[in-house]
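Protein sequence lines, in the order shown, are assigned to chains L and B. All residue numbers for the first sequence refer to the working numbering, where the first residue is 1483 and numbers rise by one. All residue numbers for the second sequence refer to the working numbering, where the first residue is 37 and numbers rise by one. Ideal placement from N, C-alpha and C gives every residue a C-beta, glycine not left out. Each remark here refers to the structure printed beneath this line.
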Amino acid sequence: MHEADLIVSLFTRDQGKVKGVAKAASKSRRRFGGALEPMTHVRASYAERPRQELARLDAFEIIHSPLSEPVDYGRATALAFYAEVLEETLQDHDPQDAVFRLLLAVVEQTQVNRFWMPVTYFSLWILRLNGWLPEMTRCALCGEPFGESPAYWHPLADTLHCATHRRDGSATLSPESIALAAAILRSPVAAFASGDWPRRRAADLRRYALRSLERHLERRLTTATALMKLGG
Amino acid sequence: MARFAEPMARLIEELRKLPGIGAKSAQRLAFHILRASAADAEALAGAVRELKAKLRLCSICNNITDVDPCGYCSNPMRNHRLVCVVEEPTNIATIEKTRSYNGVYHVLHGTLSPLNGVGPEHLRTASLAARVSGGEVDEVIIATSPTVEGEATADYLAGMLRGTAARIMRIATGVPAGSDIEYADEVTMTRALEGRRQMG
Ligand SMILES: [Zn+2]
Ligand SMILES: [Zn+2]
């Protein structure tokens, strides 16, 4: 490591997360330009070096940049959220094709005034792909389907419960949000692109997904906190 | 790392905290200071001490200054109805070098940065909002970087100032002067086309 080098996490399709170093951060900024912006889809040339943890980054060709569309604080927060979650969940050199495809699809949907849907979709699917999503249609204790009743979840547990078996201090998931979660888990993100998705829609589901993620990662996500502040 | 006498180790440790300074540079600087005359070393220490004791933020524009208001805000020759918003005090020097800007400034000291937990509530915008909504300003030029965070900040400021009488402008971005458009990426080229100007 040299002074003031820039460490970059690449999420590659065939090798998973690869950490690379861009020599001399300020010069690299000039050389790689917008390619170093978070959630930029690039064709990357890099060299892995024997006995070295960090790959040497050589060149980036931008396939799609988040700067091609308008940016506001909400969209920037959503993009940063994907980056932080992936940094925390991906292991080095462990290819995750499903996560890669999920990311490409949600980034495309993440636009100004239209980011709550892809954020919710991404959070739920990341839980699912990591094996952290519990049964969402029936009580974990008695097996009663939730049907038209809300489900209850506790910040310290994964499982969902019926009104009878809920723990004190539980939060709820509305029947609409449970149905929406089921729809999300069987449809591509583009299927939700046309509908209206204001901040309030499925806010309970988002809160559940973000809290679950944080509990499994055993840390607070800076960007999840920012999202919750935005989402009220 | 080699072991140094305690005062040397302490200086190296402090120098390493500076941006762009790694272990090797810190050692080199520390040895340079050690070899320097007592007067030179004292001058350096004094300059650092005085910097912290005397410098503060301008109450109008947030620029770093030893007098309040700062030299730009108190200069009657400058156009106080034109305000350029920058991320850092160092950006002012970059704009001043052009010699083509005669307005005043507002320094944000950062951008919105979700990854670093910097939200709208942390941006230093109160004095700007007061100046603009008080009708003291005709035009605001937002000169944050054309990065995701810089653009998000620009959008936030534009929204905050919408509805005031001031014209809100964003600096143009495009192909760097003296470079070849062959090497411009798609985003840069798109911006360059959007920012085109009439020539005849
Ligand atoms: Zn039950
Ligand atoms: Zn000032």
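Excluding the five sequence neighbours on either side, which residues of its own chain have a C-beta within less than 6 angstroms of the C-beta of residue i, listed in chain order?
i	result
B/E123	L144, T147, T180
B/K53	none
L/H1698	W1614
L/F1597	G1556, R1557, A1560
L/A1506	none
B/R232	none
L/M1483	In this predicted model, L/M1483 has a pLDDT of only 45, less than 50, meaning its place in the structure is not dependable; the value taken from the coordinates is given anyway. Cβ neighbours of L/M1483 beyond the five flanking positions: none.
B/Q234	none
B/H68	none
B/M225	none
Which residues in the same chain have their Cβ closer than 7 angstroms to the Cβ of residue i, if we skip the five residues on either side of it in sequence?
i	result
L/A1580	L1611
B/C120	I131, Y137, G139, Y141, I177, A179
B/D174	R117, L118, A202, R203
L/A1675	Q1591
B/I96	P105, C109, S163
At what residues does the alpha helix (DSSP H) containing residue i begin and finish?
i	result
L/A1633	Segment 1633-1635 is the beta strand (DSSP E) holding L/A1633; no alpha helix (DSSP H) there.
B/H68	59-71
L/T1494	Careful: L/T1494 lies outside any alpha helix (DSSP H), inside the beta strand (DSSP E) at 1488-1494.
B/V103	Counting along the chain, B/V103 falls outside any alpha helix (DSSP H), and DSSP gives it neither H nor E.
B/K246	Beyond the ends of chain B as shown, which are 37 and 236, falls residue 246 of chain B; an answer cannot be given.
L/A1558	1555-1571
L/D1686	1685-1699
B/M196	184-197
L/T1646	Run containing L/T1646: none; DSSP gives neither H nor E here.
L/T1707	1704-1713
Is it true that the CB of residue j sits closer than 8 angstroms to the CB of residue i?
i	j	result
B/V184	L/V1553	yes
L/L1609	L/F1493	no
B/D221	L/G1516	yes
L/V1490	L/L1518	yes
L/V1567	L/L1709	no
L/G1498	L/Q1578	yes
L/S1527	L/A1541	yes
L/D1686	L/S1656	yes
L/R1693	L/P1637	yes
L/T1619	L/F1628	yes
B/V211	L/S1547	no
L/L1549	B/E42	no
L/F1563	L/V1588	no
L/T1654	L/A1633	yes
L/L1572	L/L1667	no
B/S149	B/T200	no
L/C1644	L/S1631	yes
L/L1662	L/A1639	no
B/G153	L/T1522	no
L/R1513	L/I1545	no
So what does residue i bridge to, in DSSP terms?
i	result
L/P1627	L/R1620
B/I178	B/V121, B/R206
L/I1544	L/V1524
B/V140	B/V119
B/S149	B/V154
B/L159	Per DSSP, none; premise fails for B/L159.
L/Q1593	L/R1596
L/A1537	L/G1502
L/A1580	Partner(s): none; L/A1580 has no beta bridge.
L/A1673	Answer is none; L/A1673 lacks a bridge partner.
In chain order, what residues of the same chain have a beta carbon less than 8 angstroms from the beta carbon of residue i, not counting five sequence neighbours either side?
i	result
B/L91	I100, T101, D102
L/D1496	P1577
B/I57	L51, L65
L/R1531	A1537, R1538
In terms of residue numbering, what span does the beta strand (DSSP E) encompassing residue i cover?
i	result
L/T1654	1653-1655
B/K90	Taken as a continuous stretch (DSSP letters only), B/K90 belongs to no beta strand (DSSP E), being part of the alpha helix (DSSP H) at 74-90.
L/A1504	1498-1504
Taking 7 angstroms as the cut-off, is the C-beta of residue i nearer than that to any heavy atom in ligand 4?
i	result
B/L51	This structure lacks ligand 4; the ligands present are ligand 1 and ligand 2.
Handout entry: Contact shell at 6 angstroms, judged by CB to any heavy atom of ligand 1, ordered along the chain
Key = L/C1621, L/L1623, L/C1624, L/E1626, L/H1643, L/C1644, L/T1646, L/H1647
Considering only heavy atoms of ligand 2 and the C-beta of each residue, which residues fall inside 6 angstroms, strictly closer? B/C94, B/I96, B/C97, B/N99, B/P105, B/C106, B/Y108, B/C109
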